[in-house]
Amino acid sequence: MTVHDVSLYYDELHRWTEKDRSFQTFSGLENDTIHRFLIDSDTGEFSPDTIYKFIDSQIAAARRSNGALRGLDAGCGYGGTCFHCLKVHGGRWTGITISKQQWRYTNGIAKARKLAKRIDVRLASYDDPLPGRYDVIVAIESLIHSADPAHTLAHLATALDPGGRMIIVDDMPLAAAPSDDRALLEDFKWLWRCPVAPSADEWTALATRAELRLVAREDLSHLMKPRAEAELDAALDDLTAQRSGKTEQGFGRLSDAEIGGLHLERLLRRGTIHYVMLAFEKA
Ligand SMILES: C[S@@+](CC[C@H](N)C(=O)[O-])C[C@H]1O[C@@H](n2cnc3c(N)ncnc32)[C@H](O)[C@@H]1O
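Residues 492 to 774 in the numbering used here are what the sequence shown lists, from first letter to last.
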């Protein structure tokens, strides 16, 4: 599993989204996101924007070393978090994605919205040398793809100024998965290109080593709507039957993503994976 494979994976999801506009499992493209929908407990709405209710206060609490906020979205997808954060917190935002298709698309909409001076989108790995220093780093469902989370976290932390905040939102398995779910968890990790997938405690321990202090930990799993196991069984049969056809059309990675998504839903429903926000402050 390589960074190049992750890049092709997201490029393929993009091409499929263009082909099938109703494809919504992984995408909130109308909100420029490719992350999970969550229930908003105030309105009952099930939306990709709910996550901002949790991260906005963390961003607002970050110390600004230079007046205007400098933000980095590590694994920015279609830039939804950058667009949102610019509107709510101001400053200047840099997004990094490993997918050429996402990079092209996001740059296109940043230009069309006349925001190209405030939102800079780069085609790069979050493990590459970073283009600046930051008050805030946000990573929603992106660091789980890291093959070396200790390195990735330490590397990102070096670009944060003191008092800056790092906010990670991701799927985090239990440190010790129940034996019945271990094989399913390994399949999910392979299908979604998440070779390590640290638990929340493991992320926290890695962050401590990178001089990041935990300031908030929130389990958001209850805000999801995983389907019943019987429905997941039926969906799995259906997607498995489509697998060879999709692979022949050049969409094998998309098929991996779909089936991995069902495994994830099952593991979330069983409590073997949790969807967690962790916020850290740089010493
Ligand atoms: C599930 S999407 C989430 C996108 C975005 N954070 C959002 O919330 O809409 C995962 C993102 O991680 C990015 N990604 C994965 N590995 C990466 C790497 N090594 N460097 C930069 N981005 C990476 C992908 O390009 C993709 O944009």
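Backbone N, C-alpha and C fix where the C-beta goes; we use that ideal spot for every residue, glycine too.
All values derive from a computational prediction rather than experimental measurement.
How would you write the range of the beta strand (DSSP E) that residue i sits in, first residue to last?
i, result
"residue 708", "703-710"
"residue 587", "583-588"
"residue 687", "Here residue 687 belongs to no beta strand (DSSP E), and DSSP marks it neither H nor E."
If I'm right that residue i touches residue j with Cβ under 8 Å, what's the distance once you round it to whole angstroms?
i, j, result
"residue 613", "residue 635", "Contact flag wrong, Cβ pair sits at about 20 Å."
"residue 530", "residue 714", "5 Å"
"residue 562", "residue 584", "4 Å"
"residue 524", "residue 569", "6 Å"
"residue 552", "residue 656", "7 Å"
"residue 467", "residue 624", "A query on residue 467 cannot be resolved here, the shown segment of the chain reaching from 492 to 774 and no further."
Whose C-alpha, out of the options, is nearest the C-alpha of residue i?
i, options, result
"residue 738", "507, 633 and 497", "507"
"residue 722", "756, 541, 771 and 603", "756"
"residue 493", "616, 750 and 717", "616"
"residue 748", "734, 758 and 759", "734"
"residue 630", "566, 736 and 545", "566"
"residue 767", "719, 751, 680 and 665", "665"
"residue 667", "644, 536, 693 and 679", "693"
"residue 673", "575, 577, 556 and 761", "761"
Residues in its own chain within less than 6 Å of residue i by CB, not counting five upstream and five downstream?
i, result
"residue 500", "684 and 744"
"residue 648", "701 and 703"
"residue 632", "526 and 661"
"residue 607", "601"
"residue 474", "Residue 474 lies beyond the residue range present for the chain, which begins at 492 and ends at 774; the question has no answer from this structure."
Which residues does DSSP pair with residue i in a beta bridge?
i, result
"residue 632", "Beta-bridge pairing links residue 632 to no other residue."
"residue 765", "663"
"residue 565", "587"
"residue 497", "Note: residue 497 sits in no beta bridge, so no partner."
"residue 613", "587"
Who are the near neighbours of residue i in its chain, counting only those whose CB is closer than 7 Å to its CB and skipping five residues on each side?
i, result
"residue 496", "684"
Grab the span of the alpha helix (DSSP H) containing residue i for me, first residue to last.
i, result
"residue 619", "Careful: residue 619 lies outside any alpha helix (DSSP H) and carries neither H nor E."
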